[in-house]
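Visitor: With positions in the sequence shown counted from 1, the corresponding number in our numbering is that position plus 139. Just so you know, even glycine gets a beta-carbon here, dropped at the ideal spot from N, CA and C.
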Amino acid sequence: MKLGIVGSGMIVGEFLSFIHEIKDIQLIHISGTQRSEEKLKQIVEQYGFERYSTNYEQLLNDQHVDTIYIALPNHLHFEFAKRALQHHKHVIIEKPMTSTYQEALFLQKIAMENHLFLWEAITNQYLPHYQYIKDHLHEIGNIKIVQCHFCQYSSRYQKFLEGDILPVFDYTKSGGALMDINIYNIHFVVGLFGEPQDIHYYPCIEHHIDTSGVLVLQYPHFQCVCIGAKDCQSPSFNTIQGEKGYFYVDTPSSFIKTVEWVNHDGTSIRTDHQHQHVMYAEMQAFVDMYQNQDYQRCYEMLKHSLTVCKVQTIARRKAGILFPADQVSSL
Ligand SMILES: NC(=O)c1ccc[n+]([C@@H]2O[C@H](COP(=O)([O-])OP(=O)(O)OC[C@H]3O[C@@H](n4cnc5c(N)ncnc54)[C@H](OP(=O)(O)O)[C@@H]3O)[C@@H](O)[C@H]2O)c1
């Protein structure tokens, strides 16, 4: 995979910290804003990229790049991905995939019509312990209650209270607790149970944005609660409770480091601690699909991402959360 990256923020730092462990990724080109030029230069030197640019056009037209990783604030995902696909590049988009379901549908159409890969960089769908839950889900009997609890006080929240509104708390940039943190819970649930029958979001709103909130997903025979907060904190966990037993994950739904499977007959199993960087599994999976030309798997995962986009869009709209108006009206 001949990779170009757009963005040089926090998540790119995480990505670069382990990506050398994955074979068959060549770091070719990193692109960003003029104001980040010094940082881009330093990244090129430190990680061995061939070049950088401060103009996205140059990355789009770089014939040595075949895949673009979009690591930008949420509201830019759609436009940057659309242009990359139109330049016949495969695309990896950071989560959440797009601001709206309509945008995600649009990207899916271009990708499939042009036989291009389009992946959402979402950790939990590729983690081995998540697959373990999937494989054994049928063994805990009929599901009755599902809870996902991911609450992490944001270092950017204090700034937000002081009036310095960073993208993650800015509705014009598709920020908010649901988009930033509860989205992992939605992926966790939708990946196991598919699209819910009904969706209700009860947010705490400050300055037009949900700084925390409770999402209720209704399935035909059970209820599911997803709690996400950036304005307060407590230990995060996930439980899936069935008639015969339950799964308990004592980490946020983005990590899933261990899983405890407890049955009513007194037996229990605890999986080993996961040691690799949390983004390793997803990136390895993308490279494998790319190497094997496995478009079928990519499009299956894309279908899952689209369902998540649908859920987040309905939840936010029903709760009256604002969307970046220009993006909504431009479709
Ligand atoms: N941080 C995390 O732990 C984390 C985890 C998982 C997923 N993500 C996702 O990753 C994405 C980025 O998050 P982040 O935390 O890395 O954000 P960040 O630290 O704010 O970085 C955003 C990057 O985008 C660049 N940028 C902004 N506007 C641009 C434009 N018009 N053209 C080119 N570059 C532009 C910024 O450059 P300037 O600094 O020059 O503006 C910066 O390098 C988000 O979608 C987020 O949901 C983040």
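Report, in whole angstroms, the separation of the C-beta atoms of C287 and N377, which I expect to be a contact under 8 Å.
Guide: Going by Cβ atoms, the distance from C287 to N377 rounds to 5 Å, so yes, they are a contact pair.
Visitor: In this structure, does DSSP put L417 in helix, strand or coil?
Guide: Reading the sequence as shown, one finds Val at residue 417 and not Leu. The answer is coil: DSSP assigns V417 none of H, G, I, E or B.
Visitor: Name the residue from Q241, G280, Q291 whose alpha carbon lies nearest to the alpha carbon of Q451.
Guide: Closest by alpha carbon: Q241.
Visitor: Taking just the CA atoms, how far does Y438 sit from P267?
Guide: P267 and Y438: Cα-Cα distance of roughly 20 Å.
Visitor: Less than 8 Å between the CB atoms is what I'm expecting for T320 and Q291, so what's the real figure, rounded?
Guide: As written in the sequence, residue 320 is Ile, which differs from the Thr given in the question. That belief holds up - the Cβ atoms of I320 and Q291 are roughly 6 Å apart, short of 8 Å.
Visitor: Between the region 231 to 241 and the region 158 to 170, do at least 3 Cβ pairs fall closer than 8 Å?
Guide: Flag = no, the region 231 to 241 and the region 158 to 170 do not touch.
Visitor: When burial is assigned at 16 or more other CB atoms within 10 Å of the CB, is Q264 buried or exposed?
Guide: Q264 comes out buried.
Visitor: Going by beta carbon distance, what residues of the same chain come within less than 7 Å of T410, once the five residues before and after it are set aside?
Guide: Excluding residues within five positions, the ones whose Cβ falls inside 7 Å are H268, Y271, T397, V398.
Visitor: Looking at L224 and N253, is the spacing between their C-beta atoms short of 9 Å?
Guide: Yes.
Visitor: Do you know how far the Cα of D404 is from the Cα of Y153?
Guide: This sequence places Glu at residue 153; Tyr is not what is there. Distance between the alpha carbons of E153 and D404: 42 Å.
Visitor: Tell me whether G315, by its Cβ, gets closer than 8 Å to a heavy atom of ligand 1.
Guide: Incorrect: G315 has no Cβ contact closer than 8 Å to ligand 1.
Visitor: Inspect the beta-carbon positions of M428 and E259 and report whether they are closer than 9 Å.
Guide: No, the Cβ-Cβ distance between M428 and E259 is not below 9 Å.
Visitor: Hey, how far is the Cα of D370 from the Cα of K298?
Guide: For D370 and K298, the distance between alpha carbons rounds to 11 Å.
Visitor: Compute every distance between the C-beta of H227 and the non-hydrogen atoms of ligand 1, then say whether any falls below 8 Å.
Guide: Flag unset: Cβ of H227 not near ligand 1.
Visitor: For T390, which beta-bridge partners are listed by DSSP?
Guide: According to DSSP, T390 bridges with nothing at all.
Visitor: Mind checking which residues open and close the beta strand (DSSP E) that includes V204?
Guide: Segment: none, V204 is in no beta strand (DSSP E) and carries neither H nor E.
Visitor: Quick one: grab the DSSP three-state call for A260.
Guide: In the structure shown, A260 sits in a strand (DSSP, three-state: E or B).
Visitor: Taking the alpha-carbon of C448 as reference, which of L198, S238, A420, D303 has the nearest alpha-carbon?
Guide: Minimum Cα distance to C448 is reached at S238.
Visitor: Please classify H168: does DSSP put it in a helix, a strand, or coil?
Guide: Correct three-state label for H168: strand.
Visitor: For the alpha helix (DSSP H) containing V447, name the first residue and the last one.
Guide: Segment 434 to 457, the alpha helix (DSSP H) holding V447.
Visitor: Between L470 and the rest of its own chain, which residues show a CB-CB distance below 8 Å, the 5 nearest in sequence each way excluded?
Guide: Summary for L470: the model assigns pLDDT 43, below 50, so the residue's position carries little reliability; its value from the coordinates is reported in the next sentence. T239, Q241, E242, F245, listed in sequence order.
Visitor: Taking 9 Å as the threshold (C-beta atoms), are D201 and H168 in contact?
Guide: Yes, the pair counts as a contact, with Cβ atoms nearer than the cut-off.
Visitor: Is the beta carbon of L359 sitting closer than 9 Å to the one on Q336?
Guide: Per the sequence presented here, residue 359 reads as Pro, with Leu not at that position. Taking 9 Å as the Cβ cut-off, P359 and Q336 qualify as a contacting pair.
Visitor: Using alpha carbons as the reference points, say which of Q435, F425, S407, V151 lies closest to H275.
Guide: If we check each option's Cα against that of H275, S407 comes out closest.
Visitor: What's the C-alpha gap between V204 and V151?
Guide: Answer to the nearest angstrom: the Cα atoms are 17 Å apart.
Visitor: Verify whether the separation of the beta carbon atoms of C363 and V328 is less than 9 Å.
Guide: It is a contact, given that the beta carbons lie within the stated cut-off.
Visitor: Just to confirm, are L317 and Y340 a CB contact at a threshold of 9 Å?
Guide: For L317 and Y340, yes; Cβs fall inside 9 Å.
Visitor: Once DSSP output is grouped into helix, strand and coil, what is the label at N402?
Guide: Residue state, collapsed to three classes: strand.
Visitor: Do F361 and K283 have their CB atoms nearer than 9 Å?
Guide: Yes, the Cβ-Cβ distance between F361 and K283 is below 9 Å.
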